[in-house]
DNA sequence: ATAGAATGGTAAACTGATTAACCAAGATGT
DNA sequence: ACATCTTGGTTAATCAGTTTACCATTCTAT
């Protein structure tokens, strides 16, 4: 941004113009100024350094002195100002969760579970969690680096991004603590924690094959996502033996992770291969879209076509039919992510790459292959 | 908490014990210390006060000087440290969203939509958003007040609470900016923004009545929630004329806002009143639970019984059958909430009580009453 | 008995901004 | 021509903590 410098509202709150008269006296309700560390020091008859050391549990201070100071702190209801603490200290004890710009990303139960886990554990470790949407403007204004430069946070989680989001590399290259959650970036080797998508996909396809399904369609998520690629590769590897040389790719359609495109993808698959007896989807939303589409076409699930999802979001148990799916322990993944990011920040880890196991959850949307069922 | 003072880890990060030797030299990667306002001042040949005034767009500074300072700031890539800004300034420009302790509250699409709206608008106004779960320990340790006392935030949104959560009053009584979102607290008159539940319920019941339904069941949410009470009251008022003196209450069952209890409640209703031709639920999750339960019992929706939900969560369009429901503009409500809370903080508002209109969304789960249909 | 090391604490220099009080120089009023 | 405003900026105090030297004691060890 060369040009004139007339813009650049670094501190937008102040751009309010003059406030119209009306004798503003923003004094606190307590008569004297807020109670600070110096007041405590004075009351306890020690120096502020001592109080500070008590706050930080520095072993240098005697039990007796510590008690006396704690007593005063409790009496006057003192609580250290975290802005001052962070300003001089090394850490802010804040973490940010970076989410992609999808209009309603937070509304997605997928993110929700993750977020719950992250928040709970972060709180337990004394950290606060900031939510940030990585909109284009945000990135353009270097918002992601500002998060660190202006000392908002000590580290960030990134959830739901892919290799096209180059700005993540900026953070890593700046040497800032960053942890990808449920995403892998082989090219930049970012720290990450993920669910075992390969294992889940393997279990899923094995299960369908055991039910007698041979012609299985895959509705995969957007190919930019590493997890989507893993599911696709696993699917292909396992189905190849059953396809008599037909290209595996013709059994796969992109569902872009949404109900809507999942529905479309499903219809596309059925048109290409009317003999398909099972559909495996890369997430539950696409699976539900597929069920919806087929039901509307008069195709019964699972009697005519079985459907198997991935993720096990909350709703999957309450749809009609309820959805068989691969459970990804997203809450636990969030917990683990928080734990690991904090370790990275404290310098106790420098390469994180953990994998959490997934498991099959069988419900009503899958059954024995329709073409081999004796009726 | 009288007792001994041996606990009280006010700053848990430090409780790490000594760090094992290994010459720690935590200098930044740039050779000199991080660039601050003084460096900028020196380079621009002005005082720090001037730089500060440029940052804050104080009109006192000449265009020429401003430009010169901005130039330097850009050249050296200066960005003000927000901890220092907040420490001396009056605001932190942070807001917290307080959520109830429900294990997966964030995972609920209801909260998700709201959160999206809040975050987007807050970011646009230069505020960051903190997420906080109001667990029992959190409250017990006065975490909600600490949020202000330790200067974490300027104000809080509270989402999904009810009058049993007395701690909300603490915040209000401490004179701290607080805004209830989609909840009303008549007794404590907290600031709030809500969707028009009464209006929505009225439209819903009117619609069902117009379809010929007379015996309608209500699955309402937990009675602690004001919105649930509003729906119930509206429902009763409108149904009374059609009940021939039967008590309205026998047509209502608590579904506790979840799929599971919604399903149970629905079965309970059908048992009490086999003649019911429509079920109205206080939220979509309960409605979906009801659909699920009935489908399992072989009761067709909407051919035998119509189902109408409330909220219009994303999934409702993709269930089988898709759900007719009352749309609550949760995203917009979030946006409005952010706008209002910031106004409260700046002192431009002191009583907020806004209502956003709701509207009926007709899909597949409702049809003309089965007992009057000519077939 | 006494040098040397622990022990327990303090004073003062940071952290990086905001802001109230003040001041010099040029514009204005009489 | 002289006192009085404005303008545009500066100086220094302040926000509320942390941390590094440094200083008295008291405790060991010789």
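Chains as they are written, first to last, in our numbering: chain A, 1412 to 1786; chain B, 1412 to 1786. Every residue gets a Cβ at the ideal spot worked out from N, C-alpha and C, and that includes glycine.
| query | result |
| --- | --- |
| Who pairs with residue 1791 of chain B in a beta bridge, going by DSSP? | The question about residue 1791 of chain B has no answer here: the residues shown for chain B are numbered 1412 through 1786. |
| Give a yes or no on contact between the region 1755–1764 of chain A and the region 1607–1624 of chain A, applying the rule of three or more CB pairs nearer than 8 Å. | no |
| Strictly below 9 Å CB to CB, what residues from chain B border residue 1530 of chain A? | 1510, 1517, 1542, 1543, 1544 |
| Going by C-alpha distance, which of B:1749, B:1753, B:1738, B:1767 is nearest residue 1773 of chain B? | B:1738 |
| Return the bridge partner residues of residue 1539 of chain A from the DSSP annotation. | A:1505 |
| To be precise: take each residue of the region 1542–1573 of chain A, compare its Cβ to all Cβ atoms of chain B, and keep it if any distance is under 8 Å. Which residues remain? | 1542, 1543, 1544, 1546, 1549, 1557, 1560, 1561, 1562, 1563 |
| How long is the line joining the alpha carbons of residue 1450 of chain B and residue 1547 of chain B, rounded to whole angstroms? | 47 Å |
| Check residue 1479 of chain A in the structure and name its three-state DSSP category. | helix |
| Between the region 1496–1515 of chain B and the region 1700–1713 of chain B, do at least 3 Cβ pairs fall closer than 8 Å? | no |
| Within its chain, find whatever has a CB closer than 8 Å to the CB of residue 1686 of chain B; leave out the 5 residues flanking it on each side and keep chain order. | 1626, 1782 |
| Whole angstroms are fine: how far does the CA of residue 1671 of chain A sit from the CA of residue 1616 of chain A? | 24 Å |
| If you measure beta-carbon to beta-carbon, which residues of the region 1749–1780 of chain A are closer than 8 Å to chain B? | 1757 |
| Tell me whether residue 1789 of chain B sits in a helix, a strand or coil according to DSSP, three-state version. | What is shown of chain B runs 1412 to 1786, which leaves residue 1789 of chain B out entirely. |
| Could you tell me which residues DSSP puts in a beta bridge with residue 1720 of chain A? | A:1736 |
| Can you tell me which of the three DSSP states residue 1563 of chain A falls into? | coil |
| In whole angstroms, give me the CA-to-CA distance for residue 1620 of chain B and residue 1701 of chain B. | 20 Å |
| Would you tell me roughly how many angstroms separate the C-alpha atoms of residue 1644 of chain B and residue 1594 of chain B, rounded to the nearest one? | 16 Å |
| Taking the alpha carbon of residue 1493 of chain B as the reference point, which residue from A:1461, A:1564, A:1511 has its own alpha carbon closest? | A:1564 |
| Is the beta carbon of residue 1592 of chain A within less than 7 Å of some heavy atom of the ligand FMN? | Inclusion of the ligand FMN in the displayed structure is not the case, the ligand content being empty and no account of it being possible. |
| Between residue 1493 of chain A and chain B, is any beta-carbon pair separated by less than 8 Å? | yes |
| Could you please tell me which residues of the region 1686–1716 of chain A, in chain order, have their CB closer than 7 Å to any CB of chain B? | 1699, 1700, 1702, 1703, 1706 |
| Using 8 Å as the limit for Cβ to Cβ distance, is residue 1782 of chain B near chain A? | no |
| Determine the DSSP secondary structure at residue 1674 of chain B, reduced to helix, strand or coil. | helix |
| Could you tell me which whole alpha helix (DSSP H) segments of length 4 or greater appear in the region 1582–1642 of chain A? | 1608–1621 |
| Figure out for me which residue from B:1529, B:1590, B:1707, B:1680 has the closest Cα to the Cα of residue 1762 of chain B. | B:1590 |
| Between which two residues does the beta strand (DSSP E) harbouring residue 1445 of chain A extend? | Run containing residue 1445 of chain A: none; DSSP gives neither H nor E here. |
| I want to verify the contact list: residues of chain A whose CB lies under 8 Å from the CB of residue 1497 of chain B, in sequence order. | 1494 |
| When you check each C-beta in the region 1466–1489 of chain B against every C-beta of chain A, which residues fall closer than 7 Å? | 1466, 1467, 1468, 1477, 1478, 1481, 1482 |
| Is it true that the region 1474–1492 of chain A meets the region 1535–1554 of chain A, where meeting means three or more beta-carbon pairs spaced less than 8 Å apart? | no |
| Would you say residue 1729 of chain A faces chain B, with C-beta separation under 8 Å as the test? | yes |
| On the three-state DSSP scale, how would you describe residue 1703 of chain B? | helix |
| With a threshold of 8 Å on Cβ separation, who are the neighbours of residue 1434 of chain B within its own chain once the five nearest residues in sequence on each side are excluded? | Caution is warranted here: a pLDDT of 29 is assigned to residue 1434 of chain B, below 50, making its placement in the model unreliable, and no coordinate value can be reported. |
| Residue 1451 of chain A bridges to which residues according to DSSP? | In the DSSP output, where bridge partners are listed per residue, residue 1451 of chain A has none listed. |
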